[in-house]
Amino acid sequence: MLDKSFEPDICKLEALGLPSKYERFTFIFSATFSDKVRILAQHFIRGNYIFLVVGKPDATNEDIAQTIEEVSNAFKKDRLFQLLEQNLKSERCLIFVETN
3 MLDKSFEPDI CKLEALGLPS KYERFTFIFS ATFSDKVRIL AQHFIRGNYI
53 FLVVGKPDAT NEDIAQTIEE VSNAFKKDRL FQLLEQNLKS ERCLIFVETN
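Throughout the sequence shown, residue numbering follows our numbering, covering 3 to 102 in sequence.
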């Protein structure tokens with residue numbers, strides 16, 4: 003959320019009466035934690051935080067295939083169903099789409 007321009011919204015929530023970062027526990031979870039996000043997070047967490055990494059930092063999972071396709075609006079649903087049919091042998095599938 004921090005790297006998707008949610009920082010102002012989180013600051014507003016904080017200003018509504020959250021205890022200071024020194025008087026609360028703040029947990030931040032992410033599959034990816036870029037340097038930019040770490041810097042932004044400094045505003046919301048104490049200086050003596052614990053940074054826990056499972057696996058290799060900034061490493062991608064070799065078992066995950068990522069594909070980006072640009073498809074016109076008229077064909078998006080058809081292409082989605084094609085991809086699902088091709089990959090039904092997979093137990094899990096995660097699809098990200100842009101919404102307007």
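Virtual Cβ for every residue (Gly too), placed ideally from N, Cα, C.
query	result
Test item: CB-CB of isoleucine 47 and isoleucine 30 under 8 Å	yes
Among Ser7, Glu93, Gln44, nearest to threonine 112 - alpha-carbon criterion	Absent from the model: residue 112. The displayed extent of the chain is 3 to 102, so no value can be given.
Terminal residues of the alpha helix (DSSP H) in which glutamate 72 lies	Unbroken run through glutamate 72: none, as it is neither H nor E.
Cβ-Cβ distance between glutamate 71 and arginine 81 below 8 Å	yes
Between the CA atoms of phenylalanine 98 and arginine 26 - distance to the nearest angstrom	33 Å
Own chain residues within Cβ distance below 6 Å of leucine 15, not counting five before or after	none
DSSP three-state assignment for isoleucine 12, whether helix, strand or coil	helix
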